[in-house]
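Asker:
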Amino acid sequence: MLGTMSLSDPKWLRDGQGIPPTVRWVFSTEAPLVAMDMGRESGEVLAADETGGLSRIGRNGDLLTVSRGLRGVRAVAWSDANAAGAVIAGERKVFRLNKKLEVEWSVGLPEAALGIAVTPFGRQTAVSLANGGNLVLGEQSEQLSIFETARPLKWIQFLASEPVLIGAAEFGQVCAHKINGERLWSEKGFTSLGDMCAAANGETILVAGFNQGIQSFDADGSTGDSFLIEGTVGRVSCSFNADRIAASTVERQLYWLDSDGQLLWATEVDDEIVRLICDPLGEWLLVGFRAGHILRLDWES
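Last residue of the sequence shown? That's 1529 in my numbering, and every number before it is there in order.
#1: Leaving aside the five residues before and after Glu1339 along the sequence, list all residues of the same chain whose C-beta is less than 6 angstroms from its C-beta, in chain order.
#2: Please give the ranges of any beta strand (DSSP E) in the segment 1444 to 1518, keeping only runs that are unbroken, at least 3 residues long and fully inside the region.
#3: Is the number of C-beta pairs between the segment 1295 to 1307 and the segment 1271 to 1281 that are closer than 8 angstroms three or more?
#4: Out of Ile1501, Leu1381, Ile1374, which has the shortest C-alpha to C-alpha gap to Ile1344?
#5: Between Thr1353 and Glu1367, what straight-line distance do the alpha-carbon atoms span, to the nearest angstrom?
#6: What's the C-alpha gap between Gly1422 and Thr1477?
#7: Hey, would you say Leu1325 sits closer than 7 angstroms to Gly1336, going by beta carbons?
#8: Bridge partners for Gln1368 per DSSP, in chain order?
#9: Could you tell me the distance, in whole angstroms, from the CA atom of Arg1480 to the CA atom of Ala1259?
#10: If Phe1517 and Ile1505 are in contact, beta carbons under 8 angstroms, what's the gap, nearest whole angstrom?
#11: Less than 7 angstroms separating the beta-carbons of Ala1276 and Val1262?
#12: Is it buried or exposed for Arg1351, if we count other Cβ within 10 angstroms and need 16 for buried?
#13: Are the beta-carbon atoms belonging to Ala1341 and Ile1316 less than 7 angstroms from one another?
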C-alpha cells in the first residue's frame, strides 16, 4: 500500500518543489493496479487490477461500470469518445468491450500480445505481437491490415488527428504506420525504453529513455530535444499538444514539466507508478499507483 499517506492530502504533495497541484479525486481498485487508459475527449478511465477487475471511471472519479469477468488482463485501451475499448487478457487473447464492459468479440492470436490501441471512436483495434507482427482489426474483428516491424512494439497509440499508428519497441525503435500498414517512417535508437506517448497530432513523440532521460521525435521521425531529469525515467505522458509533460522514474520521482522541459513541479512518491496520463489541455494529471490508487492532480485555477 501507499504507506501511511492520506490519499486526499499525501505528504509527498506538500513536500514537493514548484507549484503543487491539488488532489481533485481518488479512486481505488479492489486489487493492485495492472493497467489503465483514458479517453481524451470523454475523460473516462478504464482501469484493470490483478484479479481481473475492470473499472470504468467517470471524469469526476465516480464508478460508472465494473466487470469481473476477465482474468489475466495485462493491457487496456479506451477510446477518446464513443465509450469502447479493448484489452489483452492472458498471453494471446484480445477482447473488444462496449461501454458496459461487455465483450463484443474476442480474437485468439498466433503469438503473445504486447501492446494494444483503439482509434479515437473505438472502431478499429491494433495489436502488436512479440514476433514483430502487428494487426489492425475492424469493428467486427475482421483483419484490416497486418504488417511487420524490425522489432516488436511494446507501446502503440493511434493519433487523434489522422489514421496513423505510432509505435515504440522496448529496445529503441520508434515508428509510424498508416492504418493499412504502410510504413511512414522508422527510427532506430540505441537505448532501452520504458514508455512512449505521442501528442494527438503526432508532431511530438516522447519516449522514456531510462538513464537517457526523455527523448523526443517529430512527425517525420527526426530526433528532437532531449530532457534530462534526475533519476531513471520509466514513465512519460504529454498533453494534446505536448505543452505539458509528466514523467516518473524508477526511483519514484514524479515530474511536471513545460514543453521546453522546464521544471514546474517535482516530488518523490511512496509507491511504484504504473501509468501517467495528462489531460488534453495540460491542466491535470492522472497517476496510477501499483497499490491500486488512481489520483487526479489538478493545476486548474
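Don't be surprised by glycine CBs; every beta carbon is placed ideally from N, CA and C.
Answerer: Working from what's here:
#1: Leu1357, Ala1358, Asn1359
#2: 1451 to 1455, 1461 to 1466, 1472 to 1477, 1481 to 1486, 1491 to 1496, 1501 to 1506, 1512 to 1517
#3: yes
#4: Leu1381
#5: 8 angstroms
#6: 10 angstroms
#7: no
#8: For Gln1368, which the question treats as bridged, DSSP gives no partner whatsoever.
#9: 20 angstroms
#10: The Cβ separation is near 13 angstroms, so there is no contact.
#11: yes
#12: exposed
#13: yes
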